[in-house]
Amino acid sequence: MAPAIKNFGKLLAGVPPGAWVAISHDESRVVAYAAEMRDVIQKAHEAGEQNPIITRVPQTSPTFVR
Amino acid sequence: MWHRIEYSTFDLPPSPDFPTGRQVRRPILRLDLVNGPNRLPCYAIVDSGSDHCIFPLSFGIALGFDPLATAPVTSSGLGNYAVATFHWTVTLDFGGVLARRVLAGFSDGVNAIGFGLLGQLGFFDQVNVVLNYRKKEFFIETDDPPAPQGNPTFLPNAPYGP
Numbered sequence: 088m089a090p091a092i093k094n095f096g097k098l099l100a101g102v103p104p105g106a107w108v109a110i111s112h113d114e115s116r117v118v119a120y121a122a123e124m125r126d127v128i129q130k131a132h133e134a135g136e137q138n139p140i141i142t143r144v145p146q147t148s149p150t151f152v153r
Numbered sequence: 035m036w037h038r039i040e041y042s043t044f045d046l047p048p049s050p051d052f053p054t055g056r057q058v059r060r061p062i063l064r065l066d067l068v069n070g071p072n073r074l075p076c077y078a079i080v081d082s083g084s085d086h087c088i089f090p091l092s093f094g095i096a097l098g099f100d101p102l103a104t105a106p107v108t109s110s111g112l113g114n115y116a117v118a119t120f121h122w123t124v125t126l127d128f129g130g131v132l133a134r135r136v137l138a139g140f141s142d143g144v145n146a147i148g149f150g151l152l153g154q155l156g157f158f159d160q161v162n163v164v165l166n167y168r169k170k171e172f173f174i175e176t177d178d179p180p181a182p183q184g185n186p187t188f189l190p191n192a193p194y195g196p
């Protein structure tokens, strides 16, 4: 059972709100970010990361309440 | 077998209600969504408040599903009163420890957060979960040996099913 990154805030610092993010498969760094998900996957592949983890930085309040 | 996992932390910026900002913890797992030859690594929040597993619609499209060929149903609680949700059968692969084919929802209402939600049907019906927020850890119990894979039980006869 794979845990996630321990500190998302630290890893995603500097990524603009609303951006889709490609994280390296070893979860050590942000490989690419873009406004559209297909673009971030393409950028990651161009950067040599064939299997990036995809997530997003919220556009609005990052507080999460359902 | 029990698996111990630490909560993930997020640093939230200052706001009128929390002028100094704050840090929140969420029980998040890393997994791969698999549809045939297509595989998408992502994260999902363990969420007992979700009736079933649901992921961003963009994930479903990247996996090769076609929203134009599927009639959506509406879901509530995703920030709007009712949002269109497509249901497609995918495999949730938790790093080889657990892999289950489930009928999961894919919704534009989850696109904004970029995470999946691991809900009752498809996740909580497959594992046992213990949350210990105060110790910043949670535990997932998987069958040992793994239970045989069956067909997804959620909405098996729905016209918009797999």
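From first to last, the protein sequence lines are chains W and F.
Under the working numbering, the first residue of the first sequence is numbered 88, with each subsequent residue one higher.
Under the working numbering, the first residue of the second sequence is numbered 35, with each subsequent residue one higher.
Note that the Cβ used here is the ideal one computed from N, Cα and C, for glycine as well.
Since we're looking at a predicted model, the values are computed, not measured.
Original post:
Expressed to the nearest angstrom, what Euclidean distance is found between the alpha-carbon atoms of G98 (chain F) and V117 (chain W)?
Top reply: 25 Å
Subject >> Unbroken beta strand (DSSP E) run spanning E40 (chain F), endpoints >> reply: 36-40
Subject >> Other residues of its chain near I79 (chain F): CB distance less than 6 Å, five sequence neighbours each side excluded >> reply: R60, I62, F149, L151
Subject >> Among F:A181, F:D159, F:D142, F:P48, nearest to A116 (chain F) - alpha-carbon criterion >> reply: F:D142
Original post:
What is the DSSP secondary structure of P101 (chain F), reduced to helix, strand or coil?
Top reply: helix
**OP:** Please name the residue in F:V124, F:T104, F:A181 whose C-alpha comes closest to that of P71 (chain F).
**Re:** F:V124
Subject >> CB contact check: P50 (chain F) to chain W, cutoff 8 Å >> reply: no
Subject >> Environment of V164 (chain F) [buried if 16+ CB atoms lie within 10 Å] >> reply: exposed
**OP:** Compare the C-beta of Y77 (chain F) with all C-beta atoms of chain W and state if any pair is closer than 8 Å.
**Re:** yes
Subject >> Three-state class that DSSP yields for P193 (chain F) in the structure shown >> reply: Low confidence applies here, because P193 (chain F) scores a pLDDT of 38, under 50, leaving its location unreliable; read the following figure in that light. In the structure shown, P193 (chain F) sits in coil (DSSP, three-state: anything other than H, G, I, E or B).
Original post:
alpha helix (DSSP H) containing E98 (chain W): first to last residue?
Top reply: Glu is not the amino acid found at residue 98 (chain W); the sequence shown has Leu there. Start and end: 95-98.
Subject >> Per-residue DSSP class, three states only, for G150 (chain F) >> reply: strand
Subject >> Local conformation of F44 (chain F) per DSSP, three classes >> reply: strand
**OP:** Starting from S109 (chain F), follow the beta strand (DSSP E) in both directions and report where the run begins and ends.
**Re:** 107-109
**OP:** May I ask you to list the residues that DSSP assigns as paired with I140 (chain W)?
**Re:** W:I110
Original post:
How big is the Cα-Cα spacing for V108 (chain W) and G94 (chain F)?
Top reply: 17 Å
Original post:
Measuring CA to CA, which of F:P75, F:G139, F:D45 is closest to K140 (chain W)?
Top reply: Here residue 140 (chain W) is Ile; the residue named in the question, Lys, does not match the sequence. Checked all of F:P75, F:G139, F:D45; the closest Cα to I140 (chain W) is F:P75.
Original post:
If we count the other Cβ atoms within 10 Å of its Cβ and call it buried at 16 or more, is D66 (chain F) buried or exposed?
Top reply: buried
**OP:** Pull up the distance between the alpha-carbon of Y194 (chain F) and that of L91 (chain F), whole angstroms please.
**Re:** Low confidence applies here, because Y194 (chain F) scores a pLDDT of 38, under 50, leaving its location unreliable and the question unanswered by this model.
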